[in-house]
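Shown next, in structure tokens, is the structure this report addresses.
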Ligand code: GLA
Ligand code: ZN
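Numbering (the numbering used here), first residue to last: 1049 to 1720.
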């Protein structure tokens, strides 16, 4: 069984001879997938109502004839000149009130009804034309919705719609005033029509339009939700348009953990699979697999990587990108599949001569001559042929979950706790610490079933619903092991503080009360001492500091210096049949690792049967009742592993015993 492995491609830029040359190279590379069309509205519909597929059909057919299937994208990231000229009201308005003009991309308002109508029509035309094509494998809606600062439009249509959205949610203005605490700074409203769109948002790539302007955090959180919902609504209009004509897979390319302007748990409920774009540096020693764990968690199954790093050179964002270390591109592609992708497409096949992305990274350079990146893609394609069936038939069965939630992420961006604290980064640190211990983890939303996990970790869950709190208690009571960090349960889903002891509603579960809280800055860093089975581990704290008052729990960690010396900061509490840990401050990786080890031990989590060196990463997947160990050496040195018994090496088709050596940037797939 073959995995889908390919590239993005832009035939609209090219003459026939170049296309023929490129397709021959693609075939030589051994890829079987091409993604096209996402910016080509001016070609699909050069004049309103006159559709043209003649430029693309022969390419789809030629690719198909060479065993390469196509993903066709709707081109709505780039409304054409004629549409903008006729309907300038569809343009996106940013937080400074500036209209994003024609001349870049993503210059539309996703709420505008006129634009929604045009988007539906072009999606229908594409669906009608390609929906039954034997060469078309799937459809992509738009391109990276909300990316590049385009997910928080402030046009008049959005203003009106936001007011209606609030009215739908709160019913009366009295109720909105009450739940949002608008009496603060005298902001009580008389009517929904008085409510402005917040100036500030969590959106990356936007500037603070009015300096030192602090808005109501509850209104702001609702604006994030409203915009996320609006983008999802827009996406689903296109989904429905395509689905009228096809039963093929329909999805869109998310930005993974890069932009976070859309709640992907919600967005992908209505699509056929989660798909995202990822651009890790391939010169670094390691690729973070946290975005992959998150990707598996979005729909609870395998995902697609619709755009993936291909190389270095010039760049779009003000500076260039580094070229991959030898072997890293090949390894990165195989690593993505091992991490749960069942489709990967590099961005992109051949360097662009013109446009905003001219001279940028690609698999093949501008002259069309294959060089090392091409040969690495070819090598990855060759290995994937051998790995396809074992990967398709195996699945993750992790015993640990890290909970990741957009409400807490947004709330912590709206009102940050410390300059250097970043929710995504913090969740990543925890995940990576587990990975270093050889323990795989799923990343799941708060609403997902917890019972199948032995250990659940909840990083910085500042917003928690009563239901989630109840489920956490039940989970621990029934024997689960929980590790929560600082900030637990401080606010309700309205983004309002709760007038109770912290962690609100969970003081019994954790057996503690939180006393004082403050950010950690350089001059207030404290040493934390953690009691481990054998003795004590010490480390310095960071981000945020809470003091814990015992209320039944054992204090296993204390401040070891400063005026807090001896005060509790890490606790362990038996609750029903389970155990609840609370970590009251950020800690260095080593200390975090020691704490994780305690929780993993309580949860009896299975550890790797062999030792791996630093710089190596392992995914364990279940292949029927066997374990499939996917081993990656990210370092630039060979790495030896002493095996505990015989394994079957899937790539070599042979059994291995004793010691194996992974070459720099190498990988092995072992079945036990
Ligand atoms: C995004 C876009 C692509 C391209 C890359 C950067 O991921 O979806 O079209 O611009 O960034 O090269
Ligand atoms: Zn708008």
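Don't be surprised by glycine CBs; every beta carbon is placed ideally from N, CA and C.
No experiment lies behind these values; they were computed from the predicted model shown.
So, at 8 Å on beta carbons, what are the nonlocal neighbours of residue 1596 in its own chain, with the 5 sequence-adjacent residues on each side left out?
1560, 1561, 1562, 1563, 1603, 1615, 1616, 1617, 1618, 1619, 1630, 1632
Starting from the C-beta of residue 1370, find all residues in its chain whose C-beta is less than 8 Å away, skip the five residues before and the five after it, and write them out in chain order.
1329, 1330, 1331, 1360
Alpha-carbon spacing of residue 1101 relative to residue 1172, whole angstroms:
13 Å
Can you determine whether any heavy atom of ligand 2 sits closer than 7 Å to the C-beta of residue 1141, and answer yes or no?
yes
To which residues of the same chain is residue 1388 closer than 7 Å at the C-beta, ignoring the five residues directly before and after it?
Same-chain partners within the cutoff: 1340, 1343, 1344, 1350, 1351, 1444.
Taking the alpha-carbon of residue 1415 as reference, which of 1123, 1148, 1399, 1430 has the nearest alpha-carbon?
Shortest Cα-Cα distance from residue 1415 to any of 1123, 1148, 1399, 1430 involves 1399.
According to DSSP, residue 1147 sits in a beta bridge with which residue or residues?
Note: residue 1147 sits in a beta bridge opposite 1141.
Which runs of the beta strand (DSSP E) fall wholly inside the stretch 1661-1687 and span at least 3 residues, in chain order?
1664-1671, 1674-1681
Take residue 1683 and list the residues in its own chain whose beta-carbon comes closer than 7 Å to its own, dropping the five residues that flank it on each side.
The answer, listed in chain order, is 1333, 1663, 1712.
Just to be sure I understand the criterion: a residue counts if its Cβ is closer than 6 Å to at least one heavy atom of ligand 1. Which residues meet that?
1191, 1192, 1325, 1355, 1364, 1395, 1405, 1408
Have a look at the DSSP bridge pairing and note the partners of residue 1054.
1081, 1393
Under the three-state DSSP convention, the category residue 1255 falls into:
coil
C-alpha distance - residue 1634 paired with residue 1535, whole-angstrom precision:
So the alpha carbons of these two residues sit roughly 11 Å apart.
Is it the case that the CB of residue 1205 approaches a heavy atom of ligand 2 more closely than 7 Å?
For ligand 2, at least one heavy atom lies less than 7 Å from the Cβ of residue 1205.
Under 8 Å between C-beta atoms of residue 1411 and residue 1367:
no
Residues bridged to residue 1607 (per DSSP):
When beta bridges are read from the DSSP output, residue 1607 appears opposite 1576.
Identify every residue that forms a DSSP beta bridge with residue 1621.
1628
Short of 8 Å in beta carbon distance, which residues of its chain neighbour residue 1116, apart from the five on each side in sequence? Order them along the chain.
For residue 1116, where only same-chain residues beyond five positions count, the Cβ hits under 8 Å are 1054, 1071, 1074, 1075, 1079, 1080, 1081, 1082.
Rounded straight-line distance, which links the Cα of residue 1194 to that of residue 1086:
15 Å
Name, in chain order, the residues that DSSP records as bridge partners for residue 1710.
DSSP lists 1687 as partners of residue 1710.
I'd like the list of long-range same chain contacts for residue 1316, defined as Cβ closer than 7 Å, with 5 residues on each side in sequence excluded.
If we look at residue 1316 and ignore the five residues flanking it on each side, its Cβ neighbours are 1322, 1346, 1347.
Are there any heavy atoms of ligand 2 lying less than 7 Å away from the beta-carbon of residue 1160, as far as the coordinates show?
Yes, the beta carbon of residue 1160 sits closer than 7 Å to at least one heavy atom of ligand 2.
Can you tell me where the beta strand (DSSP E) holding residue 1154 begins and where it ends?
Counting along the chain, residue 1154 falls outside any beta strand (DSSP E), and DSSP gives it neither H nor E.
Under 8 Å between the Cβ atoms of residue 1320 and residue 1297?
It is a contact, given that the beta carbons lie within the stated cut-off.
Sub-8 Å separation of residue 1698 and residue 1438 beta-carbons:
yes
Closer than 8 Å is the cut-off here; do at least three beta carbon pairs connect the stretch 1441-1459 with the stretch 1304-1315?
yes
Indicate the three-state DSSP secondary structure (helix, strand or coil) for residue 1103 in the structure shown.
coil
Give the DSSP bridge partners of residue 1452, in chain order.
In the DSSP output, where bridge partners are listed per residue, residue 1452 has none listed.
State buried or exposed for residue 1095, treating a residue as buried only when at least 16 other CB atoms are found within 10 Å of its CB.
Per the 10 Å Cβ criterion, exposed.
Pair within 8 Å by beta-carbon distance, residue 1252 and residue 1271
no
Sorted by chain position, which residues of the same chain lie with C-beta nearer than 7 Å to residue 1267's C-beta, five sequence neighbours on each side aside?
A distance below 7 Å between beta-carbons, with the five flanking residues on each side excluded, links residue 1267 to the following residues of its chain, in chain order: 1228, 1246.
Compute every distance between the C-beta of residue 1451 and the non-hydrogen atoms of ligand 2, then say whether any falls below 7 Å.
no
Mapping DSSP to helix, strand and coil, what is residue 1457?
The answer is helix: DSSP assigns residue 1457 an H, G or I state.
C-beta atoms of residue 1308 and residue 1355 nearer than 8 Å
no
Tell me residue 1529's beta-bridge partners as DSSP assigns them.
1503, 1627
Host beta strand (DSSP E) of residue 1555 (start-end):
Residue 1555 -> not in any beta strand (DSSP E); alpha helix (DSSP H) instead, spanning 1555-1558.
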